[in-house]
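Each residue of the sequence shown is one higher than the one before, counting from 1 in this note's numbering.
Ideal placement from N, C-alpha and C gives every residue a C-beta, glycine not left out.
For reference, the structure is listed below as structure tokens.
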Amino acid sequence: MNNRPPKYFTRLLTWFCHDDFYEELQGDLEEKFYSNIQQYGQRKARTQYRLEVLKLLRPSVAKKLRVQTQNNNIAMFKNYTLVAFRNLSRNRLFSAINIFGLAMSMAVGLLAIAFVNEIYSFDQFHENKDRIYRINNVRTFLDNAPQAYASTSLLTADRIRAEVPGVERVSGMFKGFSGDLATGENNYSFQGYYTDEEFLRIFSFPVLQGDPKSALKEPYSIVLTQTLAEKIYGSTDVLGQTLERNGKEYTITAVLKELPKNTHFHFEALASLSSLRNNEQTTYLFNWSTMWSSYAYVLMQENANMSAFEQSLNQIASQENAKMEQQSIALTYERLNDIFPGDGKYNQVWTVVPKSNVNSMIILALIVIVSACFNYANLSIARSLKRAKEIGVRKVVGAKKSQVFTQFITESVLVSLLALVLAFFLFRLIRPEFLSLNYYISRTTTLELTTTTYICFVLFAIFIGFLAGTTPALIMTRLKPVSIIKGVSNMKIGGGINIRKVLIGIQFILSIGFAVLVSLAYKQYQYALNFDLGYNTEAILNVELQGNDYEIVKAAFSQIPEIESISGSAFLLSTGSTNSDYAKLPEASDSVVVYSMRVTENYTSTLGHQLVAGREITSQLKTKQMIVNEQFVEKFGFKNPEEIIGKTFYYYNDHRMVVGVIKDFHYGTIYNDIQPFAFIQPEENQLYLTNLKLKSADLPATLEKIDDAWSEIDTHHELQASFYSEDIERTYQTLSSSMKTYGLLAIIAIGISLLGLLGMAVYTAESKIKELTIRKVLGAGFYHLVALLSRSYIWILVIASAIGIPIAVYIFKTTIANNIQYTISIGFWELAGGALMVLTVAILTIGSQATKAALTNPAENLRNE
1 MNNRPPKYFT
11 RLLTWFCHDD
21 FYEELQGDLE
31 EKFYSNIQQY
41 GQRKARTQYR
51 LEVLKLLRPS
61 VAKKLRVQTQ
71 NNNIAMFKNY
81 TLVAFRNLSR
91 NRLFSAINIF
101 GLAMSMAVGL
111 LAIAFVNEIY
121 SFDQFHENKD
131 RIYRINNVRT
141 FLDNAPQAYA
151 STSLLTADRI
161 RAEVPGVERV
171 SGMFKGFSGD
181 LATGENNYSF
191 QGYYTDEEFL
201 RIFSFPVLQG
211 DPKSALKEPY
221 SIVLTQTLAE
231 KIYGSTDVLG
241 QTLERNGKEY
251 TITAVLKELP
261 KNTHFHFEAL
271 ASLSSLRNNE
281 QTTYLFNWST
291 MWSSYAYVLM
301 QENANMSAFE
311 QSLNQIASQE
321 NAKMEQQSIA
331 LTYERLNDIF
341 PGDGKYNQVW
351 TVVPKSNVNS
361 MIILALIVIV
371 SACFNYANLS
381 IARSLKRAKE
391 IGVRKVVGAK
401 KSQVFTQFIT
411 ESVLVSLLAL
421 VLAFFLFRLI
431 RPEFLSLNYY
441 ISRTTTLELT
451 TTTYICFVLF
461 AIFIGFLAGT
471 TPALIMTRLK
481 PVSIIKGVSN
491 MKIGGGINIR
501 KVLIGIQFIL
511 SIGFAVLVSL
521 AYKQYQYALN
531 FDLGYNTEAI
541 LNVELQGNDY
551 EIVKAAFSQI
561 PEIESISGSA
571 FLLSTGSTNS
581 DYAKLPEASD
591 SVVVYSMRVT
601 ENYTSTLGHQ
611 LVAGREITSQ
621 LKTKQMIVNE
631 QFVEKFGFKN
641 PEEIIGKTFY
651 YYNDHRMVVG
661 VIKDFHYGTI
671 YNDIQPFAFI
681 QPEENQLYLT
691 NLKLKSADLP
701 ATLEKIDDAW
711 SEIDTHHELQ
721 ASFYSEDIER
731 TYQTLSSSMK
741 TYGLLAIIAI
751 GISLLGLLGM
761 AVYTAESKIK
771 ELTIRKVLGA
781 GFYHLVALLS
791 RSYIWILVIA
801 SAIGIPIAVY
811 IFKTTIANNI
821 QYTISIGFWE
831 LAGGALMVLT
841 VAILTIGSQA
851 TKAALTNPAE
861 NLRNE
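Given below as structure tokens:
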């Protein structure tokens, strides 16, 4: 049993009470405490002791404030600041190197802070964000690996609403509400969702007009955003107005304020989901397997049992999967706060930045920041010899370790704050380039600065100053005054290795590594753009049909003489889009996965595919036709292409006759190998593109003719067209962004390293100037003196190359080239190009300072000796 007074209250009294009163008061309290134990018991005695201590916390008992000590601390801090400014002014070159080096790295740090702040602010404005979950599907098709989807069936939402306890609200959503809204003779394109009345009660989207509880209850109700309402009517006072879409009239029941940018939803209008329930053409949307464009969100009750909820989801999935063949679907749930950034699920509602991108940004920023901190520490240690007497005198006259440490940290933080000013301007300069870095960033982030972001910037600068100044501060505080006065420029670590050379070596490992990564990424990117696809994409202009009839568009474009050939297709090959299904011979039981695309006649000739047997698809035959590749022939066991011509296969729910065989081509990207493929004929409304093969000596004039022809076909939509080569280039934007990212970091890392090397070369020349002078007087030649100053750094660069190049190759293979089927072959020049560039600039930097020192007149240096 513990019979002692409560220790924390005893400590509180010791800290608060004046020394003149403490002994007497503490004795009285303890005497009364032990008396109360005998009379009332330990529990009540401890409670009484606590109350008595609290009663003593009054001004008459308190310790006197140490005003003199505080004044001394303020004066000392002023002195540290003044000394710091004097050192910066006295050593302008080294100060500039430190400030500019820190500023370059801090600019990347500011980007990372602004980026991460914005990314993790998504969907944080919803009132019940901690209780909102999305239901996701994990689909397994036959023996294939399970795939995670952000989407699920609308049936899932219905069953959860009817059967699952602990759920406060459920909302189903379908992405199919988009296209054109008509009022009178005017059409307005828009993007939106079908959803139910619970959507606006689960999510806290601010409402300008209307009742969010009932706005989406009745069929053919529509909710507009403020932007779309003003676009159509020039006002937000639009309740009760009607808009037409696909022959149906929708009544406006509410208007939302402008949507926050930091949400994973992206819409301009919402329509009532009940509009689809009684429509025979859309009843399939409520099937269990229809999961590609529909979503379900739930608002759980307070303190809901999530384990029981998970069991209910498993039960629903089990019951529905029992009705299906070939595939099974598991249901999972995901917190709203975990949706953005995401983990790579398919069918996201809108663009979601992968968590890997965010983590990579943080890691790369840290690498550059650490490099700059090394630079600062290196130069600070190098300059310590000139400050040795100052620090030594401070210690001799009684300065404590903490005071010396504070002095160095104050100087470091001051340098960091000055660097922050320059870093902010660099941040503003590189922000547009960062926002255009890749598809995810450009569509989701703006990097707009808030008060919180500015505060984070200042705290970040203080932290960097503390981090950069810690190493030199600790070194100076731990050494004895005699050692300091002798100088620490030759301080050793780890068996005689100079610490400054280790720091320079680490910097150049990073610089050379980034330079090699840039070289490899660029070559891989160029390889992807110039990859032989097996067909011709040159001068192919792809025009989006935007709901127009293909035959009408074809007839209009046929009048343009510069268009050599026209065809239609469902999507663009070699850009990442694919479709697949199982194909089999009618009499066989085994089937093969076959990728395919729906095309019109003339497609293979327009794109320059090589027919090895048979002919093209023709519209003159009523039989459904298909053209297959050589892999298709091989998979089905035919010895040569001619044997398969005329054979009928069951594919995409119909019998199709093979009329031609084309040479294998890359329908996917460099990430995919070649599998069985087929071109098949389209059904109604299954074409989305017109492919135009141009032959023109005046391309701008031809494009203008195409635009004029389109204007006669469609007065509501602008021409949406792009060359195939541009689409291919966009496909490899990930490689392009990797190249840009590593390029930016390489420039910064190399710049920081060269600044550090310049500073070290200047310092080395200064510290050895008398030695060089004496050697020169005794007959040493120019090249001998240059070699004397340079050789140690040359060895550092060689060792850094030997370490940095293999690391760069490993990172390239495990990140950039990971999962790519067709990669570049890495030879000598792929590795040496970037490294040689860094080494050349570094050697020129060292050589310039060595040459300057070697050419100095000996008389000037020995004049005062």
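Subject >> Proximal residues to Asp727 (C-beta, below 6 Å), its chain only, five neighbours per side dropped >> reply: Sequence-distant partners of Asp727 (beyond 5 residues in either direction) whose C-beta falls short of 6 Å from its own C-beta, in its chain, are Leu572 and Thr575.
Original post:
Is Asp698 close to chain C, meaning its C-beta is less than 8 Å from at least one C-beta of that chain?
Top reply: Considering every chain present, this structure includes no chain C. It has just one protein chain.
Subject >> Contact under 8 Å by Cβ, Val659 with Ile680 >> reply: 8 Å or more divides the Cβ of Val659 from the Cβ of Ile680.
Original post:
Just reading off the beta strand (DSSP E) that Gly176 is part of, what are its end residues?
Top reply: Residues Val167 to Thr183.
Original post:
Run through DSSP, which three-state label would His784 get?
Top reply: His784: helix per DSSP, three-state reduction.
**OP:** Give the DSSP bridge partners of Gln625, in chain order.
**Re:** In DSSP, Gln625 forms a bridge with Met657.
Original post:
Out of curiosity, what's the CA-to-CA distance linking Glu630 and Lys584?
Top reply: Going from the Cα of Glu630 to the Cα of Lys584 covers about 16 Å.
Subject >> Within 8 Å, strictly: CB atoms of Leu270 and Thr152 >> reply: No, the pair does not count as a contact, with Cβ atoms beyond the cut-off.
Subject >> Cβ-based burial, Ile497 [other Cβ within 10 Å; buried from 16] >> reply: Unreliable positioning characterises Ile497 in this predicted model, as indicated by a pLDDT of 49, which lies under 50. A coordinate reading is not provided.
**OP:** Would you mind reading off the limits of the alpha helix (DSSP H) that contains Lys705?
**Re:** DSSP places Lys705 inside the alpha helix (DSSP H), whose first and last residues are Leu699 to Ile713.
**OP:** Per DSSP, which residues does Thr140 bridge with? Please list them.
**Re:** Beta-bridge pairing links Thr140 to Ser328.
Original post:
Taking DSSP as the reference, what is the three-state secondary structure of Met291?
Top reply: Coil, per DSSP.
Original post:
Can you tell me where the beta strand (DSSP E) with Arg598 in it begins and where it stops?
Top reply: For Arg598, the enclosing beta strand (DSSP E) starts and ends at Val592 to Arg598.
**OP:** Please state whether DSSP places Asn187 in a helix, a strand or coil.
**Re:** If DSSP states are grouped into helix, strand and coil, Asn187 belongs with the strands.
Subject >> The alpha helix (DSSP H) enclosing Tyr724, as first and last residue numbers >> reply: Per DSSP, Tyr724 belongs to the alpha helix (DSSP H) from Tyr724 to Thr731.
**OP:** May I ask which residues mark the beginning and end of the alpha helix (DSSP H) holding Thr225?
**Re:** No alpha helix (DSSP H) contains Thr225, which is instead part of the beta strand (DSSP E) from Ser221 to Thr225.
Original post:
If you run the structure through DSSP and keep just helix, strand and coil, what is Arg245?
Top reply: Note: Arg245 maps to strand in three-state DSSP.
**OP:** Please classify Tyr8: is it buried, with 16 or more other beta-carbons within 10 angstroms of its beta-carbon, or exposed?
**Re:** Tyr8 should be labelled exposed.
**OP:** Tell me whether the beta-carbon of Ile99 lies closer than 8 Å to the beta-carbon of Ala419.
**Re:** Taking 8 Å as the Cβ cut-off, Ile99 and Ala419 qualify as a contacting pair.
**OP:** Can you give me the start and stop residues for the beta strand (DSSP E) that Lys693 sits inside?
**Re:** Here the beta strand (DSSP E) through Lys693 covers Leu689 to Leu694.
Original post:
Terminal residues of the continuous alpha helix (DSSP H) containing Ser95?
Top reply: Where Ser95 is concerned, the enclosing alpha helix (DSSP H) stretches over Arg92 to Ile119.
Original post:
Could you give the C-beta distance for Gln546 and His666, rounded to a whole number, given that I count them as a contact under 8 Å?
Top reply: The Cβ separation is near 28 Å, so there is no contact.
**OP:** Starting from Ala539, follow its DSSP beta bridges and name the residues at the other end.
**Re:** Beta bridge pairing from DSSP links Ala539 with no other residue.
**OP:** Mind checking which residues open and close the beta strand (DSSP E) that includes Ala678?
**Re:** Here the beta strand (DSSP E) through Ala678 covers Phe677 to Ile680.
Original post:
Span of the alpha helix (DSSP H) holding Thr895?
Top reply: With the chain covering 1 to 865 only, the question about residue 895 has no answer from this structure.
Original post:
Would you call the CB atoms of Ile509 and Gly759 closer than 8 Å?
Top reply: No, these two residues do not count as a Cβ contact at 8 Å.
**OP:** Report yes if the C-beta distance between Gly192 and Phe267 is below 8 Å; otherwise report no.
**Re:** A contact, by the Cβ cut-off of 8 Å.
Original post:
Per DSSP, Asp673 is paired with what?
Top reply: Answer is none; Asp673 lacks a bridge partner.
**OP:** Pull up the DSSP beta-bridge partners for Asp581, would you.
**Re:** Beta-bridge pairing links Asp581 to Val594.
Subject >> Sub-8 Å separation of Ser801 and Ala854 beta-carbons >> reply: Taking 8 Å as the Cβ cut-off, Ser801 and Ala854 do not qualify as a contacting pair.
Original post:
Helix, strand or coil for Tyr346 per DSSP?
Top reply: Note: Tyr346 maps to strand in three-state DSSP.
Subject >> Rounded straight-line distance, which links the Cα of Val594 to that of Thr351 >> reply: Rounded to the nearest angstrom, the two C-alpha atoms are 29 Å apart.
**OP:** Give me the Cβ distance between Pro682 and Arg598, rounded to the nearest whole Å; I'm assuming they're in contact under 8 Å.
**Re:** Here Pro682 really is in contact with Arg598; their C-beta atoms are around 4 Å apart, less than 8 Å.
Subject >> Which of helix, strand or coil DSSP assigns to Thr253 >> reply: Strand, per DSSP.
Original post:
Can you tell me whether DSSP reads Pro6 as helix, strand or coil?
Top reply: Under the three-state reduction of DSSP, Pro6 is assigned to coil, being neither helix nor strand.
**OP:** Pull up the distance between the alpha-carbon of Ala242 and that of Thr253, whole angstroms please.
**Re:** Residue 242 is actually Thr in this sequence, not Ala. Taking the straight line from one Cα to the other gives about 10 Å.
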